[in-house]
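Worksheet for the structure shown next.
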Amino acid sequence: MSVLEVKHLKKSFGTIRAVQDISFSVDGGEVFTIIGPNGAGKTTTLEMIEGLVTPDQGEIHFGDWNWNRDANTIKKMIGVQPQSSAMFDLLTPEENLHLFSTFYSHSRPTEEILELINLTDHRNNHVKKLSGGQRQRLAIGLAMISDPDIIFLDEPTTGLDPQARRNIWDIILELRNLGKTIILTTHYMEEAEKLSDRVCIIDQGLIVAVDTPSALIEQLSKEREVRLSFLDGEEAAIEGELFLKTLDSVKKIERDDTSLKLWTLHPEDTLYDLFKFTKENEYKVEQISIREKSLEDVFISFTGKEWRD
Ligand code: ATP
């Protein structure tokens, strides 16, 4: 069931059309990720939904509620990850959580939140001593303090190292297990692919595609990229390239010294033919791989542009 619906959202800042026309709906209990390059309009979209920025045009509905009529009800339903600067550096995580809990009539127990964000061991350290990842985990904890049904996380892993990023992923998945709806923004494709039930790809203020990660990847053409290199030098690679060009299933080939990259509609048949050729000519090949398709390929396919992380 849809818990959030946005229709034809638009927002400009002077001549910059940050959000040109965005519509989507989010179901209860899903991780819905808005992904896009820097400046795509992710934060502006989120801030309009969170009631922090007024749209120039468009509608935002949380079920039967909307910001004009039901602001107090919506504020109780949603949790927004605060900016790092909103935390009190000279207080501990536990004290920050206590303080934020006094803003609400109902709150989730601090102990439970510390456990969930894996900060129980650091509960008594000053926030200014925490690492970037620990501060981000505390920010997620603060978004949860009123025990909201819908949680907004704006680029919670930007700038973190891979381990710290994975720790945040675990928390997001745990929140999902608790039945929360999570609306996330990121510019990391891998993150969107791992965490999301559905992904909304935006670029230049417009939606490029919305669907499950696997459905998006499936929409791509069936061509697969195969990489291999020849142990017998450039001459062998040139011969290999000439041979592959005779195969119907091979759509494109690129050669770099002894390595070949090829795009084929039937990887198994192509490799079978290639090995027959190399065996007959006594060439040795190594490092063969068939590349998995990813959301990055979806973005490139829909926009014709390289992904700019
Ligand atoms: P990032 O990944 O870098 O955070 P984003 O996808 O969140 O980017 P937005 O922050 O929504 O993108 O910005 C979209 C566009 O609107 C950008 O060109 C940005 O410079 C511009 N913009 C955003 N907020 C303002 C503002 N308050 N005043 C002027 N321009 C703004």
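Convert by adding 369 to the 1-based position in the sequence shown; the result is the number in the working numbering.
Ideal placement from N, C-alpha and C gives every residue a C-beta, glycine not left out.
These numbers come from a predicted model, not from an experiment.
Asked, Found
"Report the three-state DSSP secondary structure of residue 474 (helix, strand or coil).", "coil"
"Note the first and the last residue of the continuous alpha helix (DSSP H) segment covering residue 534.", "531-546"
"Quick check: the stretch 637-650 against the stretch 372-381, are at least 3 beta-carbon pairs closer than 8 Å?", "no"
"In the DSSP assignment, find the alpha helix (DSSP H) that holds residue 427 and state where it starts and stops.", "Note, residue 427: premise wrong, no alpha helix (DSSP H); beta strand (DSSP E) at 426-430."
"To the nearest angstrom, report how far apart residue 400 and residue 429 are at their CA atoms.", "18 Å"
"Let me check understanding here. Comparing Cα to Cα, which of 425, 626, 577 lies closest to residue 600?", "626"
"Is the stretch 512-519 touching the stretch 440-460, taking contact as three or more C-beta pairs under 8 Å?", "yes"
"Does the ligand ATP have even one heavy atom less than 7 Å from the beta-carbon of residue 561?", "no"
"Along the chain, where does the alpha helix (DSSP H) that runs through residue 439 open and close?", "436-446"
"Give me every residue whose Cβ sits closer than 6 Å to any heavy atom of the ligand ATP, in chain order.", "382, 385, 387, 405, 407, 408, 409, 410, 411, 412, 413, 556"
"Have a look at 435, 419, 530 and flag the residue whose alpha-carbon is nearest the alpha-carbon of residue 552.", "419"
"Using only the alpha-carbon positions, how far apart do residue 557 and residue 507 sit?", "21 Å"
"Could you give the uninterrupted runs of the beta strand (DSSP E) lying entirely in the stretch 554-603, keeping only those of 3 residues or more?", "567-572, 575-580, 593-599"
"From this set, 547, 371, 417, 587, which residue's C-alpha is nearest residue 668's C-alpha?", "587"
"Flag this pair as yes or no: are the beta carbons of residue 442 and residue 434 separated by less than 8 Å?", "yes"
"Between residue 406 and residue 676, which are expected to be in contact by the criterion C-beta below 8 Å, what is the C-beta distance as a whole number of angstroms?", "7 Å"
"Does the beta-carbon of residue 387 have 16 or more other beta-carbons within 10 angstroms, so that it is buried, or is it exposed?", "buried"
"Nearest to residue 583 by alpha carbon, out of 511, 598, 564, 495?", "564"
"Do you know offhand how far residue 670's Cα is from residue 560's?", "19 Å"
"Are the stretch 465-481 and the stretch 520-538 touching, with three or more C-beta to C-beta distances below 8 Å?", "no"
"Within 8 Å, do at least three Cβ pairs link the stretch 493-505 to the stretch 387-396?", "no"
"Return the first residue and the last residue of the alpha helix (DSSP H) that residue 667 is part of.", "664-672"
"Measuring alpha carbon to alpha carbon, tell me which of 663, 606, 454, 664 ends up nearest residue 630.", "606"
"Enumerate in chain order the residues of its own chain whose CB-to-CB distance from residue 313 is below 6 Å, with the five nearest sequence positions on each side excluded.", "Here the chain comprises residues numbered 370 to 678, so residue 313 is not present and cannot be evaluated."
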